[in-house]
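What follows is a short report on a single structure.
Number of protein chains: 2
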Amino acid sequence: MPGHGHLPRVKRVTIEDVAREAGVGRQTVSRALRDLPEIAPDTRERVLAAASRLGYRPNALAKGMRTQRSDVIALIVSDIANPFYPAVARGVYDAAAAAGCSVVLYNTDADPGRERDALEDALARSARGVVGFFYGLPDDVLAGYARSVPLVVADRQLPPDVAASVSNDFASGTAAAVELLARRPDACLGMLAGPVGVAADERRLAFVAACAAHGLGDVSARIVPGPPTIAGGTAAAHRLLDARPEVNGIFAGNDLMGIGAVQAVLARGGAVPRDCAVVGFDDLELSAYLSPPLSTVRIDKYDHGQTLVRALLADTADRISLPVSLVTRATA
Amino acid sequence: MPGHGHLPRVKRVTIEDVAREAGVGRQTVSRALRDLPEIAPDTRERVLAAASRLGYRPNALAKGMRTQRSDVIALIVSDIANPFYPAVARGVYDAAAAAGCSVVLYNTDADPGRERDALEDALARSARGVVGFFYGLPDDVLAGYARSVPLVVADRQLPPDVAASVSNDFASGTAAAVELLARRPDACLGMLAGPVGVAADERRLAFVAACAAHGLGDVSARIVPGPPTIAGGTAAAHRLLDARPEVNGIFAGNDLMGIGAVQAVLARGGAVPRDCAVVGFDDLELSAYLSPPLSTVRIDKYDHGQTLVRALLADTADRISLPVSLVTRATA
DNA sequence: GTGAAAGCGCTAACAT
DNA sequence: ATGTTAGCGCTTTCAC
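From first to last, the protein sequence lines stand for chains E and V. The opening residue of the first sequence carries number 1 in UniProt numbering; numbering runs sequentially from there. The opening residue of the second sequence carries number 1 in UniProt numbering; numbering runs sequentially from there.
Laid out in structure tokens, this is it:
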């Protein structure tokens, strides 16, 4: 069956064609199309009419070539299939669209090489800017890219004046989760940390600090890392519970790991929260409908995405912290 | 705080610079970079060395301008925050990346105007191709675009030789779901259809046909439309159950609506599946962990995405149908 | 095997 | 208010 490649490529309508059709110069067409002021109203009308008559479509490549920048915003995430990112992506998209920009998506799986590839590609496309979640690249590399392209990093701080960042208030969220988990008199808490990444330490420290503040002693030996997935959460919880059967409260790095932790407790014959309570982080859309409904720290993912783009377009180097809130459901 | 706009724009390293550094002509650099055969091995070495010494980065815009096509694949969905699409998007991304392409994402909310805008933008960017879920645009408009850009549509058929399509086998899935729901002797089924869209009729018809095949009579009056969300499913289920209290089996257009239907049955004081069974469609990652775990028709979303891109790159006008399978859990 | 010239479609700068 | 010139960085075509 013949495909598209066989069709004769229709010659593209250019600004030159429109100019000829309207009986004006190229520049006048360009002005009319971009709605610039220095043009007679009736001339504009005539040009616009000619353009639509011919079915003119601006060539974004040519425009970008001339202006040295394209109306593209790069969104770099570890895995769009992880239910945390889609809502962020929608926020990014809406804010970008409001600014007349398109969005190019990159998945890195938290691999530093692929994070770098994504940045390089954004540069090759003369992206208007990059917003992203970076887990593998060190600060200095990111700082280097920030010199070539406007960059806003999510959930991670870069040195002042290097690049803006938009982070969820992980410290407050962790404190609230620990406070909830620490309510039982015999509380013995553990944590399921996300993948070992550059920003992971901050999170560990927040947990250790919150536990210390509640007189729970040094919990650092009860922090176990794992992939940020349901399976990863299950495996990590089993490891934690194998080593420390006395643990009766688990703080998971994200809801997916929280779900996995619940499954692990159940698989060991325990009940949630009776034998072990679980608190997640993110509040996925479906977390409220789970069995049992998951207690978690809610973050506004859509707002996160929008804020990322707004910070990018605002062209500042601020550190923005987004509020979080504890949602108590059935697992803690 | 000073932002990025204040930094002095570093002059871009071009192919010309590399040529000068390596002491060869521009053309030779281009050949070396693209790994073309007509070049002496040592010349290539020298050029490559010069390029990396200078930190040369190819300009995708310039390349696209010259070749009249960019290595970009447009992915058009209604809403990336709907948990159905992210897995598809990942498949699209991986297949695109394997072919050296980037992906630009568009959200249309199923609005025909925005579907059109997305297509126009893809054209403006000289996209290598477009894959998408179109709910608002009529066949002839899509056919028109298919003449300007390689296009593969998802879950919808276009006339032969116009564009390729990759669809899930909705008919089989519906038949299986109805078979499951029809097992109770007094079965009275209803359907929660997705938004009224161009492809909606095919789905309604599949349901009506499947019910007729099971001797369930004409169910067309028990099909109620609604937004493809949890809230939409709840509302639609309430409307259905208000009008037809005898309904004891609901086939939801997707898992989100299925979750909503379960909530509605529960809110009315009923039990699932005792008073009313529910079967969804999609099998979201979290559907197995819901309360109660949702019975559904599983589709391989990641494969769907990959197949979309492969069909695009293969440049055929085939109609590809993807297999589905029934997953029986607790709601039916 | 290599280099020189031409030009993709657009907009900034400079005329007029 | 409008037209003309130049050139963004690359690849295709054609010389050599």
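All residues carry an ideal CB built from backbone N, CA and C; glycine is no exception. Source: prediction; values computed, not measured.
Cβ-based burial, residue i [other Cβ within 10 Å; buried from 16]
i	result
residue 203/V	buried
residue 71/V	buried
residue 6/E	Since pLDDT at residue 6/E reaches only 38, below the 50 mark, its modelled position is unreliable, and the value read off the structure follows with that caveat. Exposed, since its Cβ has fewer than 16 Cβ neighbours within 10 Å.
residue 36/E	exposed
residue 155/E	buried
residue 11/E	exposed
residue 68/E	exposed
residue 273/V	buried
residue 121/E	buried
residue 27/E	exposed
residue 4/V	Any reading at residue 4/V is ruled out, since the residue's pLDDT is 48, under 50, leaving its predicted position unreliable.
residue 115/E	buried
residue 144/E	exposed
residue 110/E	buried
residue 159/V	exposed
residue 245/V	exposed
residue 334/V	The requested residue 334/V does not occur in the structure, where chain V is confined to residues 1 to 332.
residue 100/V	exposed
residue 375/E	In the structure displayed, chain E extends from 1 to 332; residue 375/E sits before or after that span and is not available.
residue 23/E	exposed
residue 8/E	For residue 8/E, the pLDDT reaches just 42, beneath the cut-off of 50, and the residue's location in the model is therefore unreliable, although a value from the coordinates is still provided. With fewer than 16 other Cβ atoms within 10 Å, it is exposed.
residue 41/E	exposed
residue 163/V	buried
residue 314/V	exposed
residue 90/E	buried
Paired residues, beta bridge with residue i - DSSP
i	result
residue 191/V	223/V and 251/V
residue 296/E	280/E and 327/E
residue 290/E	290/V
residue 167/E	321/E
residue 73/V	103/V and 129/V
Beta-carbon contacts of residue i that lie in its chain and below 6 angstroms, excluding the five residues immediately before and after
i	result
residue 259/V	230
residue 220/V	208
residue 51/E	18
residue 325/E	298
residue 132/E	76
residue 248/V	188 and 276
residue 287/E	255, 294 and 296
residue 312/V	129, 131, 150 and 152
residue 223/V	191, 193 and 204
residue 56/E	13 and 18
Beta-carbon proximity list for residue i, same chain, < 7 angstroms, skipping 5 on both sides
i	result
residue 282/E	84, 254, 255, 296 and 299
residue 112/E	136 and 137
residue 54/V	13, 17, 18 and 21
residue 94/V	306
residue 238/V	264
residue 119/V	130 and 145
residue 61/V	none
residue 323/V	169
residue 227/V	195
Other residues of its chain near residue i: CB distance less than 8 angstroms, five sequence neighbours each side excluded
i	result
residue 92/V	73, 75, 103, 131, 305, 306, 308 and 309
residue 38/E	31
residue 316/V	164
residue 270/E	276
request  = Any chance you could list the alpha helix (DSSP H) runs of at least 4 consecutive residues sitting entirely within the segment 95 to 157 of chain V, in chain order?
outcome  = Within the segment 95 to 157 of chain V, the runs of alpha helix (DSSP H) that reach at least 4 residues and sit entirely inside it are, in chain order, 112 to 124 and 139 to 148.
Quiz item: When you check each C-beta in the segment 28 to 61 of chain V against every C-beta of chain E, which residues fall closer than 8 angstroms?
Solution: Here the close residues are 57, 58, 59, 60 and 61.
Original post:
What residues from the segment 110 to 126 of chain V come within 8 angstroms of chain E, judged by C-beta to C-beta, listed N to C?
Top reply: Shown in chain order are the members of the segment 110 to 126 of chain V whose Cβ falls below 8 angstroms from a Cβ of chain E: 120, 121, 123, 124, 125 and 126.
Mind checking the segment 257 to 271 of chain E against chain V and listing, in chain order, the residues whose C-beta falls within less than 9 angstroms of any C-beta there? The residues in question are 259, 262 and 263.
Using a Cβ-Cβ cut-off of less than 8 angstroms, list which residues of the segment 203 to 224 of chain E approach chain V; keep chain order.
-> Residues are counted here when their Cβ sits less than 8 angstroms from a Cβ of chain V; for the segment 203 to 224 of chain E the count is zero.
Beta carbons nearer than 8 angstroms to chain V: which residues of the segment 290 to 304 of chain E have them?
Per Cβ criterion, the list reads 290, 291, 292, 293 and 302.
Item to complete: Ignoring anything shorter than 3 residues or poking outside the segment 28 to 92 of chain V, list the beta strand (DSSP E) runs there in chain order.
Response: Considered as a whole, the segment 28 to 92 of chain V harbours 72 to 77 as its complete beta strand (DSSP E) runs of no fewer than 3 residues, in chain order.
Give me the subset of the segment 143 to 171 of chain V whose CB atoms are less than 9 angstroms from a CB atom of chain E, sorted by chain position.
Those would be 146, 147, 148, 149, 150, 151, 160, 161, 163 and 164, in chain order.
Members of the segment 75 to 87 of chain E near chain V, C-beta cut-off 9 angstroms:
The segment 75 to 87 of chain E vs chain V, Cβ under 9 angstroms: 75, 79, 80, 81, 82, 83, 85, 86 and 87.
Residues in the segment 88 to 107 of chain V having any Cβ partner in chain E nearer than 7 angstroms: Flagged, chain order: 89, 90, 93, 102, 103, 104, 105 and 107.
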